[in-house]
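Chemist: After the structure tokens below, expect a handful of questions from me.
Numbering (this note's numbering), first residue to last: 68 to 806.
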């Protein structure tokens with residue numbers, strides 16, 4: 068049986084391999100048992116220690132061991148009349164081969180005298196399934212910074228985001244010629260790749276661009292073409308297993324006219340219909356349907372006009388048919404106002420008075436308005452190309468989590484950028500619930516994320532496309548809490564402190580304390596604390612009324628940690644250990660300590676203290692004093708202290724701009740927006756039964772000084788006078804400089 072021309076369903080690809088490594092080429096034939104030949108530069112290869120040739124079913128392999136420079140050649144695999152060529156490029160280890168433009172090619176392509184291109188990408192042609200490379204070369208000597216290149220298709224499509232199986236972008240630097248080389252490789256070209264392209268190169272101070280065109284031809288026919296492949300069914304592949312289940316009965320699905328459904332549906336159903344039938348540009352489709360006019364049936368040139376609209380699945384073919392009143396008339400076919408030329412995809416037929424336009428392998432580029440023109444008379448239609456249904460290639464998986472854990476459902480679909488919908492228990496999840504659910508896309512993968520799960524998230528979650536759906540169940544379990552340390556019974560004497568303490572496994576768990584079944588309310592004597600995994604209940608100065616059963620209940624868990632407090636009454640007086648209070652200032656060496664603040668800023672005095680029991684803190688401001696004159700050298704520190712004793716002090720309260728906070732180990736004094744009147748000496752006093760301590764802090768406020776005193780003229784001469792003035796009464800917090 069002869070081997071068809073399209074014998075290969077997988078072809079070997081050109082590879083770059085470093086010297087000394089192994090190169091493996093793989094091909095797959097359409098049928099099993101087909102014998103193949105491998106060639107190097109047109110010479111058939113035989114199995115040896117260096118070249119290993121083997122076949123497994125319909126898979127065929129060529130393995131080249133210890134690749135050297137002599138293996139850098141053109142190879143081919145032949146099956147019957149089908150021949151596929153590919154290349155092996157050998158580079159030195161660690162030094163990838165840099166494409167250098169040949170000298171002859173530089174002479175053939177003119178150098179651009181104005182832009183920064185040394186050579187621009189040129190127009191190219193390639194057959195369907197073939198490979199082609201476009202190259203741009205940029206001189207580096209006149210550039211201040213390394214250039215960047217961007218490749219575009221049409222006006223706006225940035226190909227940098229389309230890199231993948233069929234498109235590769237490369238850049239390199241040729242140190243010999245001092246040029247940057249940018250390449251765009253198109254692999255396994257398809258008809259939709261044809262069109263205009265643009266290369267833009269930019270650097271810090273220069274920019275240039277170049278347009279070029281790619282033409283994609285039909286693959287050339289061979290003499291040994293299998294005629295059966297011409298009549299091969301192009302509709303969807305039949306599911307044999309499903310046919311067997313249905314006892315071999317194949318039911319054809321009726322063709323659905325989506326556009327007719329849209330035209331007759333209410334506006335509230337548009338989005339649902341668009342999702343079901345895979346319409347991505349719903350707004351554009353509705354505008355085109357609205358523009359379509361009903362043509363009059365009477366016509367002198369057309370017996371039958373085009374239908375108002377046609378639809379076709381992507382990859383299929385469509386026939387647009389009109390019938391003429393005069394079979395000798397000549398017709399023109401237009402697409403978006405431009406005349407269509409005959410090609411492999413556009414076929415014009417004439418059958419009697421019928422004129423037929425056939426469009427093969429329809430792509431999204433064929434989604435347009437078409438016209439058939441005879442003289443001055445026209446009939447027009449809209450062709451809508453429908454993308455194939457989006458299938459779910461990786462289904463959702465059931466998940467079991469505990470409360471508070473993160474949940475991530477993942478599904479993979481057959482196309483990039485597809486639209487999916489998520490449902491929970493049959494109710495669609497929308498963007499309005501984004502605070503609870505987060506939707507994410509990554510190529511073909513779609514994610515539904517719940518950051519902190521709760522019991523309410525239990526249910527069945529579904530992802531839907533216009534071609535399928537997948538369901539998974541989420542089970543949210545209660546957290547498992549471990550008790551590392553439970554509370555213990557206590558026996559406490561009068562005036563002692565009782566501390567109930569427990570430790571659990573989760574530091575985020577909160578809870579409540581109960582006394583004889585009633586919640587404990589904190590006060591000055593009873594304190595409740597939660598630090599990490601440790602929960603404490605502290606009772607100071609225990610009295611007989613505190614004797615009871617105490618328990619701790621973690622929120623959200625069926626736990627109850629209980630203990631008993633027993634009051635022990637002792638008649639012996641007990642004097643607890645006491646420690647006199649102490650004020651700890653870093654700058655106690657200065658007398659008094661001085662703090663400088665700019666007017667309008669916040670003044671904060673943070674003073675460490677100690678003492679047992681915790682001392683009481685009192686803040687005072689000594690009455691405002693008159694600042695001594697800067698020139699008064701007789702004003703000694705002794706006079707200053709004596710003045711303070713005479714003035715006395717005023718207690719400060721918590722009103723207005725002044726805020727006072729007291730803690731066990733420090734106290735804080737704050738003034739919001741310091742003013743000139745806030746200058747002075749502040750005294751902090753701490754006191755407990757064991758003693759007391761005080762400290763003074765001087766606060767200086769730097770502000771705009773007062774103007775100097777009015778000048779006085781004391782002596783006037785013929786051409787001069789003596790002017791004297793006194794310094795300002797308020798110097799702004801800084802001494803007056805004498806020049």
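In this text, a Cβ means the ideal position worked out from N, Cα and C, and glycines have one as well.
A quick note: this is a predicted structure, and the numbers were derived from the prediction, not measured.
#1: Give a yes or no on whether the C-beta atoms belonging to residue 67 and residue 439 are separated by under 9 Å.
#2: At which residues does the beta strand (DSSP E) containing residue 218 begin and terminate?
#3: If I'm right that residue 795 touches residue 774 with Cβ under 8 Å, what's the distance once you round it to whole angstroms?
#4: Answer yes or no: do residue 678 and residue 647 have a C-beta to C-beta separation smaller than 9 Å?
#5: Rank 218, 589, 133, 629 by C-alpha distance to the C-alpha of residue 117 and give the top, closest one.
#6: I need the DSSP call for residue 376, collapsed to helix, strand or coil.
#7: Considering only the alpha carbon of each residue, which of 434, 650, 204, 572 lies closest to residue 626?
#8: Could you name the residues of the same chain whose beta carbon sits closer than 6 Å to that of residue 745, not counting the 5 residues immediately before and after it, in chain order?
#9: Which stretch, first to last residue, makes up the beta strand (DSSP E) that contains residue 418?
#10: Kindly indicate which three-state DSSP category residue 315 falls into: helix, strand or coil?
#11: What first and last residue would you give for the beta strand (DSSP E) that runs through residue 105?
#12: Tell me which same chain residues have a C-beta within less than 7 Å of the C-beta of residue 686, skipping the five on either side of it?
#13: Counting only the same chain and skipping the five closest in sequence on each side, list residues whose C-beta sits under 6 Å from that of residue 593.
#14: In chain order, what are the residue ranges of uninterrupted beta strand (DSSP E) at least 3 long that sit wholly in the segment 555-619?
#15: Grab the span of the beta strand (DSSP E) containing residue 792 for me, first residue to last.
#16: Enumerate in chain order the residues of its own chain whose CB-to-CB distance from residue 558 is below 6 Å, with the five nearest sequence positions on each side excluded.
#17: Rounded to whole angstroms, what's the CA-CA distance from residue 128 to residue 81? Just pull it up for me.
#18: Between the segment 782-795 and the segment 666-680, can you find at least three pairs of beta-carbon atoms closer than 8 Å?
#19: How big is the Cα-Cα spacing for residue 671 and residue 595?
#20: Pull the bridge partners of residue 422 from the DSSP assignment, please.
#21: Of all the beta strand (DSSP E) runs that stay within the bounds of the segment 736-797, which reach a length of 3 or more residues?
#22: Determine the direct distance from the alpha carbon of residue 723 to that of residue 661, and round the result to whole angstroms.
#23: Are the beta-carbon atoms belonging to residue 156 and residue 84 less than 9 Å from one another?
#24: Is residue 770 near residue 799, with beta carbons less than 9 Å apart?
#25: Would you mind reading off the limits of the beta strand (DSSP E) that contains residue 439?
#26: What residues match up with residue 629 in a beta bridge as DSSP calls it?
#27: Please state if the CB of residue 195 and the CB of residue 256 are separated by a distance shorter than 9 Å.
#28: Looking at residue 504: is its Cβ nearer than 9 Å to the Cβ of residue 478?
#29: Under DSSP, the beta strand (DSSP E) around residue 401 begins and ends at which residues?
#30: Thinking residue 548 and residue 466 are a contact (beta carbons under 8 Å), I'd like their distance in whole angstroms, please.
#31: Measuring alpha carbon to alpha carbon, tell me which residue in 563, 543, 569, 544 is nearest residue 550.
#32: Output yes if chain D places a C-beta closer than 9 Å to the C-beta of residue 128; else output no.
#33: Let me know the secondary structure DSSP gives residue 264 once reduced to three states.
#34: Could you check what DSSP says for residue 256 in three-state terms: helix, strand or coil?
#35: Can you check which of these residues, 227, 684, 535, is closest to residue 482 by C-alpha distance?
#36: Beta strand (DSSP E) containing residue 688: first to last residue?
Modeler: According to the structure shown:
#1: The requested residue 67 is not part of the displayed model; the chain covers only 68 to 806.
#2: Going by DSSP, residue 218 is part of the beta strand (DSSP E) stretching over 215-220.
#3: At roughly 6 Å, the Cβ-Cβ gap stays under 8 Å, so residue 795 and residue 774 are in contact.
#4: Residue 678 is a Cβ neighbour of residue 647, given a cutoff of 9 Å.
#5: Taking residue 117 as reference, the option from 218, 589, 133, 629 with the minimal CA-CA separation is 133.
#6: Three-state result, residue 376: strand.
#7: For residue 626, the closest C-alpha among the options 434, 650, 204, 572 is that of 572.
#8: 738, 768.
#9: Where residue 418 is concerned, the enclosing beta strand (DSSP E) stretches over 413-418.
#10: For residue 315, the predicted structure reports a pLDDT of 33, less than 50, and the residue's modelled location is therefore unreliable. The matter cannot be settled from this model.
#11: Judged by DSSP secondary structure, residue 105 falls within the beta strand (DSSP E) whose first and last residues are 104-107.
#12: Once the five neighbours on either side are set aside, the close Cβ partners of residue 686 are 719, 727, 736, 749, 751.
#13: Cβ-Cβ distances below 6 Å link residue 593 to 606 in the same chain, with the five nearest sequence neighbours on each side left out; the list follows chain order.
#14: Within the segment 555-619, the complete beta strand (DSSP E) runs of at least 3 residues are 557-560, 565-571, 578-582, 593-598, 601-606.
#15: Element bounds for residue 792: n/a, residue is neither H nor E.
#16: Here the set comprises 633, 635.
#17: The straight-line gap from Cα to Cα measures roughly 14 Å.
#18: Judged by Cβ distances under 8 Å, the segment 666-680 makes no contact with the segment 782-795, as fewer than three pairs qualify.
#19: If you draw a straight line from the Cα of residue 671 to the Cα of residue 595, it comes to about 29 Å.
#20: Bridge partners of residue 422 according to DSSP: 389, 417.
#21: For the segment 736-797, whole beta strand (DSSP E) runs of length 3 or above, ordered along the chain, are 747-755, 758-769, 779-783, 788-791.
#22: Taking the straight line from one Cα to the other gives about 24 Å.
#23: Inclusion of residue 156 and residue 84 in the CB contact set at 9 Å is warranted, their separation being smaller than that value.
#24: Yes.
#25: Element bounds for residue 439: 435-441.
#26: The partner list for residue 629 (beta bridge, DSSP) reads 618.
#27: Closer than 9 Å, so yes.
#28: Taking 9 Å as the Cβ cut-off, residue 504 and residue 478 do not qualify as a contacting pair.
#29: Residues 399-402.
#30: About 21 Å; that fails the 8 Å criterion.
#31: Looking at the Cα atoms, 569 is the closest of the given residues.
#32: Among the chains in the structure shown there is no chain D, since it carries only a single protein chain.
#33: Looking at residue 264 - three-state DSSP - the assignment turns out to be strand.
#34: Under the three-state reduction of DSSP output, residue 256 falls in the coil class, being neither helix nor strand.
#35: Cα-wise, what sits closest to residue 482 is 535.
#36: Following the DSSP letters along the chain, one finds residue 688 inside the beta strand (DSSP E) bounded by residues 683-689.
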